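Participant: Below is one structure. I have some questions about it.
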Amino acid sequence: MRNDPGDPPHIYLNNAATTWPKPPEVLDEVARCLEAPFFEHGRSTAGSAINYPSETREALARFFHTENPDHFIFTQNATDSLNLLIHGFVKKQKAPFHAITTDLEHNSILRPLNTLAGEGRLSLTTVASEDGYVTLREIKKAVRPETRLIVMTHGSNVLGTLQDIRTVADYCAGNDIFLIADGAQTAGQVPVNLSAFSGGAFVFTGHKALFGIPGIGGFFLEDPEAIAAVRQGGTGTDSRSLAQPEEMPQRFEAGTHNYPGIASLLAGIRFIEREGQDKITTRIRDLAALFIREIAHDPNIILYTPAPDLPVVSFNIRNLDNDEAGYILTKAYNIICRTGLHCAPLVHDRIDGGRGCIRVSFSYFNTPEECRAAGEAVRGVAEGANR
Amino acid sequence: MREFLLESPLTPEFITFLKSFGTVKEYPHMKRPYFSFEQEHFISIKGFVGDSSVEVRYRKDFFDLTSDYFHLLLFYAKQGESGIHKMREITDSIREKMKVRLPR
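Read top to bottom, the protein sequences are chains A and B.
Take the first sequence: its letters are residues 426 to 812, numbered as in the numbering used here.
Take the second sequence: its letters are residues 1195 to 1298, numbered as in the numbering used here.
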């Protein structure tokens, strides 16, 4: 069985990377957006068309329970958001300082922080997780008088563990520490209430559980004064000034927006609101649990999180490289998953000796039948590798 | 990485031939009999015996030396013992060129 380019995959279980398929209304909204003239205050006079950036900011504020739509900044993706926030925070500091991160992080956090550490702009402590969780107690142990920044994930893209980010945010707010929370795996996956998130910044991406297309992401920033803008350019406002506008959101947005991406994000949020976040969260957790039940008792399968909080299941098969298992699942069973380090190298040192693992991740559009078939396929590969 | 669609399916004889040039892992009890081949610095291959589709990976820094290597393996595999001899000569020649670039 071959996967010809363009053929739909039979069972798509790589939703933690990019969800597929998208709700039909997302594709319709992208098409509608491209058919109409682009409209945004200051950038166009086409007043009859939809102002996608403005409407989407309103939708984001409603969805994430905050009253400041203009404090949502559009970016390309979570990596872009994290770069703008991390570099922007460092630019704002007058002297080198101490930052904290964790061993669960994606390279979108680890690489900017380590680059800046290498340049002497900050010193960095990486807090170790335990069973996939980072506790406030361990974070407090790492804090020094000169600690100004904590950057950590809200949900691990390898272990599917949800971090108690609210407790960390409360601690940071009381100790003059800026928190950047990476919600790439959680936005749209679990309810997120930013009104209960004291200070800091929350990062999201559009192409995962928010059902947008690749190329759109963003962040919410409560206090714009905490971050220096690292991009300058046209905003359609105050154009006589050669300085970047101070007001939000133009302060952090320069250049033409990704209108189709923003339109897809708007439609994705509306889809989640219509279906219900709680219903979606419950369904995908149930799908992950069903898959886990299918493989949990196989002695040739090493499962890294028996009960993940997010629909992300990572495992290895004894006597078979994860890369080869992925190839067999794809080619012999038409199951699309992800193998390797998942861009989160440090966590693998703790769980699998740094060799990587197989990750399957579920979406609202997967079915129980697909989960059972995938479980049966993984058991079949495990048996084939150990006979 | 390149995926090739071959004119004829991969045979057990080809897998045996590969063993003279690198590490072959075989999993005959999979749904389809899977194999992989790894020759350090040269290429790695993944595929199924009896299948016409195969995935070949090259090391970028030696691609100019190894881009034809998979096709040479296919060609000389059909020539039995003399094919092994000839392929070893080719392999040694490529390896000598690689040594110039490898860190000492």
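A virtual CB, placed ideally from N, CA and C, is assigned to each residue, including glycine.
Quick caveat, the model's predicted, so the values are computed rather than measured.
Are the region 782-799 of chain A and the region 753-771 of chain A touching by the rule of at least three beta carbon pairs closer than 8 Å?
Facilitator: Contact holds: three or more Cβ-Cβ distances are below 8 Å.
Participant: Looking only at DSSP bridge pairs, what is Y1221 (chain B) linked to?
Facilitator: One-based indexing of the second sequence puts residue 1221 (chain B) at position 27. B:Y1228, per the DSSP bridge assignment.
Participant: Could you check where the alpha helix (DSSP H) with M1292 (chain B) kicks off and where it finishes?
Facilitator: For the purposes of this step, residue 1292 (chain B) is taken as the residue at position 98 of the second sequence. Run containing M1292 (chain B): G1274 to R1295, per the alpha helix (DSSP H) assignment.
Participant: Is the Cβ of V806 (chain A) closer than 9 Å to any Cβ of chain B?
Facilitator: Your numbering for residue 806 (chain A) matches position 381 in the first sequence. So yes, V806 (chain A) belongs to the interface.
Participant: What number of angstroms, rounded off, separates the C-alpha of P537 (chain A) from the C-alpha of A721 (chain A)?
Facilitator: Walking along the first sequence from the start, residue 537 (chain A) turns up at place 112. Walking along the first sequence from the start, residue 721 (chain A) turns up at place 296. So the alpha carbons of these two residues sit roughly 37 Å apart.
Participant: Since I believe T611 (chain A) is in contact with V559 (chain A) (beta carbons under 8 Å), could you give me their beta-carbon distance rounded to a whole number of angstroms?
Facilitator: As a working note, residue 559 (chain A) is residue 134 in the first sequence. As a working note, residue 611 (chain A) is residue 186 in the first sequence. Between T611 (chain A) and V559 (chain A) the Cβ distance is about 14 Å, and since that is not below 8 Å, they are no contact.
Participant: Please check if any C-beta of chain A sits within less than 9 Å of the C-beta of S1247 (chain B).
Facilitator: Within the second sequence, residue 1247 (chain B) is the residue found at index 53, counting from 1. For S1247 (chain B), the answer is yes, since a Cβ of chain A falls inside 9 Å of its Cβ.
Participant: For P639 (chain A), I'd like the list of residues in its chain whose CB is within less than 7 Å of its CB, leaving aside the five on either flank, ordered along the chain.
Facilitator: Working through the first sequence from its first residue, we reach residue 639 (chain A) at position 214. Excluding sequence neighbours, P639 (chain A) sits near T443 and H632.
Participant: Assuming the contact rule is C-beta atoms closer than 8 Å, F644 (chain A) and A621 (chain A) should be a hit. Round their C-beta distance to whole Å, please.
Facilitator: The count along the first sequence starts at 1 and reaches residue 644 (chain A) at position 219. The count along the first sequence starts at 1 and reaches residue 621 (chain A) at position 196. Not quite, the Cβ-Cβ distance comes to about 17 Å (not below 8 Å), so this is no contact.
Participant: Any C-beta of chain B sitting closer than 9 Å to the C-beta of A757 (chain A)?
Facilitator: Residue mapping note: residue 757 (chain A) aligns to position 332 of the first sequence, counting from 1. It does: the Cβ of A757 (chain A) has a partner Cβ on chain B nearer than 9 Å.
Participant: Please name the residue in A:G778, A:L735, A:D703 and A:N618 whose C-alpha comes closest to that of L485 (chain A).
Facilitator: In the first sequence, the residue the question calls residue 485 (chain A) occupies position 60. Looking at the Cα atoms, A:N618 is the closest of the given residues.
Participant: Indicate the three-state DSSP secondary structure (helix, strand or coil) for P433 (chain A) in the structure shown.
Facilitator: Indexing the first sequence from 1 puts residue 433 (chain A) at position 8. Low local confidence applies: a pLDDT of 48 at P433 (chain A) is under 50, so the model's placement there is unreliable, and no value is given.
Participant: Show which residues of chain D have a CB atom less than 9 Å away from the CB atom of E749 (chain A).
Facilitator: Looking at the structure shown, chain D is missing, and the protein chains on hand are A and B.
Participant: Taking just the CA atoms, how far does K517 (chain A) sit from F489 (chain A)?
Facilitator: Here residue 489 (chain A) refers to the residue found at position 64 when the first sequence is read from its first residue. Here residue 517 (chain A) refers to the residue found at position 92 when the first sequence is read from its first residue. Approximately 27 Å between the Cα atoms of the pair.
Participant: Closest to I641 (chain A) by C-alpha separation, out of A:Y684, A:R468 and A:R695, would be which residue?
Facilitator: For the purposes of this step, residue 641 (chain A) is identified with residue 216 of the first sequence, where counting begins at 1. Measuring from the Cα of I641 (chain A), the nearest candidate turns out to be A:Y684.
Participant: Check the Cβ of A810 (chain A) against every Cβ in chain B and list those closer than 7 Å, keeping chain order.
Facilitator: Counting from 1 along the first sequence, the entry for residue 810 (chain A) is found at position 385. Those are Y1221, listed as they occur along chain B.
Participant: Report the CB separation of D734 (chain A) from G585 (chain A) in whole angstroms; it is logged as a contact under 8 Å.
Facilitator: Residue 734 (chain A) sits at position 309 when you count from the first residue of the first sequence. Residue 585 (chain A) sits at position 160 when you count from the first residue of the first sequence. About 6 Å separates the two Cβ atoms, so the contact holds.
Participant: I'd like to know whether the C-beta atoms of S1300 (chain B) and S1238 (chain B) end up nearer to each other than 9 Å.
Facilitator: Any property of residue 1300 (chain B) remains undetermined from this structure, which presents chain B solely from 1195 to 1298.
Participant: Suppose you measure from the CA of G809 (chain A) to the CA of N744 (chain A); what does that come to, to the nearest Å?
Facilitator: As a first step, residue 809 (chain A) must be located in the first sequence, where it is residue number 384. As a first step, residue 744 (chain A) must be located in the first sequence, where it is residue number 319. Taking the straight line joining both Cα atoms gives about 10 Å.
Participant: If the cut is a Cβ gap below 9 Å, which residues of chain B does I753 (chain A) touch?
Facilitator: Indexing the first sequence from 1 puts residue 753 (chain A) at position 328. Per Cβ cutoff of 9 Å: Y1221, M1224, K1225, R1226, Y1228, K1240 and F1242.
Participant: For N741 (chain A) and A714 (chain A), what's the separation of their Cα atoms in angstroms?
Facilitator: As a working note, residue 741 (chain A) is residue 316 in the first sequence. As a working note, residue 714 (chain A) is residue 289 in the first sequence. Roughly 17 Å separates the two Cα atoms.
Participant: I need the boundaries of the alpha helix (DSSP H) containing R797 (chain A), first residue and last residue.
Facilitator: As a first step, residue 797 (chain A) must be located in the first sequence, where it is residue number 372. Its alpha helix (DSSP H) spans residues P793 to N811.
Participant: In whole angstroms, what is the alpha-carbon distance linking R1196 (chain B) and D703 (chain A)?
Facilitator: As a working mapping, residue 1196 (chain B) is identified with position 2 in the second sequence. As a working mapping, residue 703 (chain A) is identified with position 278 in the first sequence. Approximately 43 Å between the Cα atoms of the pair.
Participant: Buried or exposed: which applies to K756 (chain A), given that a residue is buried once 16 or more other Cβ atoms fall within 10 Å of its Cβ?
Facilitator: One-based indexing of the first sequence puts residue 756 (chain A) at position 331. By the neighbour-count rule (16 or more Cβ atoms within 10 Å), K756 (chain A) is buried.
Participant: At the level of alpha carbons, what is the spacing between E794 (chain A) and D505 (chain A)?
Facilitator: Position 369 of the first sequence, counted from the start, is the residue given in the question as residue 794 (chain A). Position 80 of the first sequence, counted from the start, is the residue given in the question as residue 505 (chain A). Going by the C-alpha atoms only, they are around 36 Å apart.
Participant: Among A:R665, A:S666, A:E672 and A:G659, which has the Cα closest to the Cα of A653 (chain A)?
Facilitator: By 1-based counting over the first sequence, the position of residue 653 (chain A) is 228. Comparing Cα positions, the closest option is A:E672.
Participant: Does the CB of L745 (chain A) have a neighbour CB from chain B at under 9 Å?
Facilitator: Against the first sequence, residue 745 (chain A) aligns to sequence position 320. Output row for L745 (chain A): interface = yes.
Participant: Which word fits D607 (chain A), buried or exposed, when buried means at least 16 other C-beta atoms lie within 10 angstroms of its C-beta?
Facilitator: Locating residue 607 (chain A) in the first sequence gives position 182, where the first residue counts as 1. Buried: at least 16 other Cβ atoms inside 10 Å.
Participant: Please determine, among A:K566, A:L574, A:T572 and A:G557, the residue with the shortest C-alpha to C-alpha distance to D589 (chain A).
Facilitator: The count along the first sequence starts at 1 and reaches residue 589 (chain A) at position 164. Measuring from the Cα of D589 (chain A), the nearest candidate turns out to be A:G557.
Participant: Run through the DSSP bridge pairs and tell me what K1240 (chain B) is partnered with.
Facilitator: Working through the second sequence from its first residue, we reach residue 1240 (chain B) at position 46. For K1240 (chain B), which the question treats as bridged, DSSP gives the partners B:S1230 and B:E1249.
Participant: Please check if any C-beta of chain B sits within less than 9 Å of the C-beta of A732 (chain A).
Facilitator: The count along the first sequence starts at 1 and reaches residue 732 (chain A) at position 307. No, its Cβ sits nowhere closer than 9 Å to a Cβ of chain B.
Participant: Is it true that the CB of T578 (chain A) sits closer than 9 Å to the CB of A609 (chain A)?
Facilitator: In the first sequence, the residue the question calls residue 609 (chain A) occupies position 184. In the first sequence, the residue the question calls residue 578 (chain A) occupies position 153. Taking 9 Å as the Cβ cut-off, A609 (chain A) and T578 (chain A) qualify as a contacting pair.
Participant: For P446 (chain A), which residues of its own chain have a beta-carbon under 7 Å away from its beta-carbon, when the five flanking residues on both sides are left out?
Facilitator: Here residue 446 (chain A) is taken as the residue at index 21 of the first sequence, counted from 1. For P446 (chain A), where only same-chain residues beyond five positions count, the Cβ hits under 7 Å are F790.
Participant: For the beta strand (DSSP E) containing T526 (chain A), list its first residue and its last residue.
Facilitator: Taking the first sequence and counting its residues from 1, one reaches residue 526 (chain A) at position 101. Looking at the DSSP string, the run of the beta strand (DSSP E) that includes T526 (chain A) is F522 to T527.
Participant: By Cβ distance, which residues of its chain are closer than 6 Å to R569 (chain A), with the 5 residues on each side in sequence left out?
Facilitator: Along the first sequence, read from residue 1 onward, the residue named residue 569 (chain A) stands at position 144. Cβ neighbours of R569 (chain A) beyond the five flanking positions: H523.
Participant: CB I709 (chain A) to CB S788 (chain A), shorter than 9 Å?
Facilitator: In the first sequence, counting from the first residue as 1, residue 709 (chain A) sits at position 284. In the first sequence, counting from the first residue as 1, residue 788 (chain A) sits at position 363. Cβ atoms of I709 (chain A) and S788 (chain A): closer than 9 Å.
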